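K.L.:
Line by line, the protein sequences give chains G and B. For the first sequence, this note's numbering begins at 1 and goes up steadily by one. For the second sequence, this note's numbering begins at 337 and goes up steadily by one. Just so you know, even glycine gets a beta-carbon here, dropped at the ideal spot from N, CA and C. Predicted, not measured: the structure shown is a model, and the values here were computed from it. To start, I am sharing the structure in question, which I have written as C-alpha cells.
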Amino acid sequence: MVKSSIDPILSGERMALARLLTEVENDSPAARRTLDELFPHTGKAHLIGVTGAPGTGKSSLVNQIALHYRRADAANPNRVAIVAVDPTSPFTGGAVLGDRVRMRDLSGDPGVFIRSMASRGSLGGLAQATAGMVQVFDAAGFEIILIETVGAGQTEVDIARLAHTTLVVESPGLGDDIQAIKAGILEIADILVINKADLPGVDNAESALRGMLSLARPVENLIHHGQVMSVPETESQEDSQWEPPLLRTIATDGTGVEELLAAIDQHALHLRRTGGWKQRERARLEAELQTLLTETLVEEFRARIPIKHYTALVEKLVQRKLSPNEAVKLLLKGKA
Amino acid sequence: MSERKIRVLVAKPGLDGHDRGAKVVARALRDAGMEVIYTGLRQTPEMIAEAAMQEDVDVVGLSILSGAHMALIPRIMELLKVNGQERVKVFVGGIIPDEDCPRLKEIGVTAIYGPGAPIEKIVNDIRLALKPSK
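See the structure below:
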C-alpha cells in the first residue's frame, strides 16, 4: 500500500473500507501504516459505547439508535457505523457473531455500515483492534460510531475508555440490588438504560438502579430527593458534573429511543461545554500510547533475549531457585 | 495477533423458516476455529451481498430449503461480483435437486451439500478452497 491508499477510505468506498478493517483487525504492517496516515483525519465522530449483560437487548437497542440517528435530520442525515463485538471461544479460537440478526432494519441503507468482530482473547469487553477499527470509521466520515461490547457484567469496562458516551443497558429481572452496588459496570455509565421495560419487575429494577445512582452523588441527593436532572439549584454544578439519567426503552418497538437519543446528544453537549470531551480524548490517546509503548518495548526486549536463556530462566522459576521478581531484574541487567 | 482467521457469513436467503441446519453448521465452523457471522432468517440476496461486503468475508454459506435456489443463488453471485467480491467462495446447503447442481457450479458455487453431509467434510472443503488464494 502506498501513499494514496487512504483516498478510497476518505471518499467512502465501502469495499475498500471493509478490506482495511480486516487488515486492521489482523494488525498487519500495511494496516499500521494506513492507520498512521488516517490519524490526522480522525477525532470528528461521536463514539457511543453500548454495554451490559448478555440478553439485555444491546443489539436491538443499537439497531434502534442507528435507525433514529438516520432519521433525526432528514436534510443532512448522520452516517452511522456500528462495531459489534462478540466473544471468541477460548478453546477453539472460533466465534459466532450474531449481532447482525437484530439489525436487519438497517440493511440496504448506504449511510450505515455494520461490522462484527470477535473479541479474540481480549477480556475487557472489546477486541484489541476495536480502537483501530473505530479510527478507520472516524476517518471515513461516519459522524456516529456505535460500539457494542460483548455481553459484559462487571469488569468489562474498556468501553468507557474508548467511547465519549457510554450506555449501560440493564433489563428487569437480572440480579438483585447487591449486583447494583458492586463496583464496575454501573460506575462507567453516562446513561443508564432499562431495556425491555414492558417486562414485569421494571419498577423494582428502576428503584434499585436509582438508589445506586443517588448514592454515587450523595450531596445533591440530600437536597433534591430523586430529582436527578434539571434541578435549578444545581445548575452551577451541572457544568462540571454529569448526572447519569435513567431511561426506559423497549428496543423491539422503539419506545423511549427518541428520549435516549436526546440524552446522548445532551451528554455530548455537556462534554463539549465542560471540556470533558477533550479530557476524554486526551485520556484515551494517552492510554493508547501507553499500551503501544508497553507492547513495543516488550516485543523488542524479548527479541533480544535468546530463547534458550529465557526458557532456562523459566526453569529456575519452576524449581523455585528464582522468584519472578528476581528474574525480571536479571533480565533487565542483561545477566540472565 | 496477526494470525488470519477464516471469516464466514452464514445466511438463509428466501422465505423458509427452518434454520436449525444453518445454526448447526455455524456452530461447527466456530468449533473449527472460524469466525462465523450469522445473519438470521429471510434474507434477500441484496442483504446477503451487503453483509458479505461489510464483513469482508472469505466464504458465504447459504442454506436453502425452499426450492427457490435457482432464483436466489444466481442473483447473490451476481451481486457479489458487482461489489468486487468474486474471490469469495460460496457454499450451498439444503435441498438442491441433482439436476440443478451443474448450473450452480457453472455460475461459481464452490460446493453443494444435501442432508446428512458430514460437517468435517464441509470444514475441510472450506479450508481447501481458500488455500491457493492465500
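According to DSSP, what are the bridge partners of B/Pro349?
P.N.:
B/Gln379
K.L.:
Between the Cα of G/Thr130 and the Cα atoms of G/Ser119, G/Ala139, G/Val257, which residue gives the shortest distance?
P.N.:
G/Ser119
K.L.:
Could you spell out where the beta strand (DSSP E) holding G/Asp109 opens and where it closes?
P.N.:
That residue, G/Asp109, is in no beta strand (DSSP E); it is neither H nor E in DSSP.
K.L.:
Scan the region 387 to 440 of chain B and note each continuous alpha helix (DSSP H) run of 4 residues or more that stays entirely inside, going in chain order.
P.N.:
405 to 418
K.L.:
What would DSSP say about G/Met117, mapped onto helix, strand or coil?
P.N.:
strand
K.L.:
Identify every run of the beta strand (DSSP E) within the region 12 to 69 of chain G, keeping only runs that are complete inside it and at least 3 residues long; order them along the chain.
P.N.:
46 to 52
K.L.:
Since G/Asp158 is in the beta strand (DSSP E), which residue starts that stretch and which ends it?
P.N.:
No beta strand (DSSP E) holds G/Asp158; the alpha helix (DSSP H) holding it covers 158 to 162.
K.L.:
Please report how far the alpha carbon of G/Gln146 lies from the alpha carbon of G/Pro77, in whole angstroms.
P.N.:
The amino acid occupying residue 146 of chain G in the given sequence is Leu; Gln does not appear at that position. Roughly 16 Å between the two C-alpha positions.
K.L.:
Near B/Ala465, what residues of its chain come up, given a Cβ to Cβ distance below 6 Å and the 5 sequence neighbours on each side ignored?
P.N.:
Lys425, Thr446
K.L.:
When you compare the CB of B/Arg366 with every CB in chain G, is at least one pair closer than 8 Å?
P.N.:
yes
K.L.:
In the region 380 to 393 of chain B, which residues sit with their C-beta less than 7 Å from some C-beta in chain G, listed in chain order?
P.N.:
Glu382, Met383, Glu386, Ala387, Met389, Gln390, Glu391, Asp392
K.L.:
Among G/His309, G/Val298, G/Arg32, which one has its Cα closest to the Cα of G/Gln135?
P.N.:
G/Arg32
K.L.:
Starting from B/Val459 and walking both ways along the alpha helix (DSSP H), at which residues does that stretch end?
P.N.:
455 to 466
K.L.:
Chain G partners of B/Ile373, CB-CB under 7 Å?
P.N.:
Leu97, Arg100, Ser116
K.L.:
What residue range does the beta strand (DSSP E) around G/Ile194 cover?
P.N.:
191 to 194
K.L.:
Go ahead and label G/Gln64 buried or exposed: buried means 16 or more other beta carbons lie within 10 angstroms of its beta carbon, across all protein chains shown.
P.N.:
buried
K.L.:
Could you tell me whether the Cβ of B/Gly350 comes closer than 8 Å to any Cβ of chain G?
P.N.:
no
K.L.:
Identify the contact partners of B/Asn419 in chain G, using a Cβ-Cβ distance below 7 Å as the criterion.
P.N.:
Met15
K.L.:
Which of the three DSSP states is assigned to G/Asp7 in this structure?
P.N.:
In the structure shown, the three-state DSSP call for G/Asp7 is helix.
K.L.:
In or out: G/Asp138 buried (at least 16 other Cβ within 10 Å) or exposed?
P.N.:
Residue environment analysis places G/Asp138 among the buried positions, since at least 16 neighbouring C-beta atoms fall within 10 angstroms of its C-beta.
K.L.:
Any beta-carbon of chain G closer than 8 Å to the one on B/Arg356?
P.N.:
no
K.L.:
Could you list the residues in the region 23 to 47 of chain G with a C-beta less than 7 Å from some C-beta on chain B, going in chain order?
P.N.:
Asn26, Asp27, Ser28
K.L.:
Could you tell me whether any Cβ in chain B is nearer than 8 Å to the Cβ of G/Ala140?
P.N.:
no
K.L.:
Decide if the region 101 to 120 of chain G is in contact with the region 393 to 400 of chain B; the criterion is three or more beta carbon pairs, one per stretch, under 8 Å apart.
P.N.:
no
K.L.:
What separation, rounded to the nearest whole angstrom, lies between the Cα atoms of G/Leu123 and B/Asp434?
P.N.:
Looking at the backbone, the Cα of G/Leu123 and that of B/Asp434 are separated by about 47 Å.
K.L.:
So the candidates are G/Gly132, G/Thr88, G/Ala74, G/Ala208; which of them puts its Cα closest to the Cα of G/Leu285?
P.N.:
For the set G/Gly132, G/Thr88, G/Ala74, G/Ala208, the Cα lying nearest the Cα of G/Leu285 is the one of G/Gly132.
K.L.:
Could you tell me if G/Ser11 is buried or exposed, where buried requires 16 or more neighbouring beta carbons within 10 angstroms of its beta carbon?
P.N.:
exposed
K.L.:
Return helix, strand or coil for B/Ala447, following the three-state DSSP convention.
P.N.:
strand
K.L.:
Indicate the three-state DSSP secondary structure (helix, strand or coil) for G/Lys333 in the structure shown.
P.N.:
Taken through DSSP and simplified to helix, strand or coil, G/Lys333 comes out as helix.
K.L.:
So, is the C-beta of G/Leu21 closer than 8 Å to a C-beta in chain B?
P.N.:
yes
K.L.:
Quick check on this structure: which residue in G/Glu206, G/Met103, G/Gly57 has the alpha carbon closest to the alpha carbon of G/Val150?
P.N.:
The residue with the shortest Cα to Cα distance from G/Val150 is G/Gly57.
K.L.:
By the criterion of Cβ-Cβ separation under 7 Å, what are the contact partners of B/Gly369 in chain G?
P.N.:
By Cβ distance, chain G contributes Thr92, Gly93, Gly94.
K.L.:
Take G/Gln266 as the anchor and find which of G/Asp253, G/Arg280, G/Trp242 has the nearest alpha-carbon.
P.N.:
For the options G/Asp253, G/Arg280, G/Trp242, the alpha carbon positioned closest to that of G/Gln266 is the one of G/Trp242.
K.L.:
Contact defined as beta carbons within less than 8 Å: I believe G/Leu331 pairs with G/Ile305. What is the distance between those atoms, to the nearest angstrom?
P.N.:
7 Å
K.L.:
If we count the other Cβ atoms within 10 Å of its Cβ and call it buried at 16 or more, is B/Glu422 buried or exposed?
P.N.:
exposed
K.L.:
Going along chain B in order, which residues have a C-beta closer than 8 Å to the C-beta of G/Phe113?
P.N.:
Gln390
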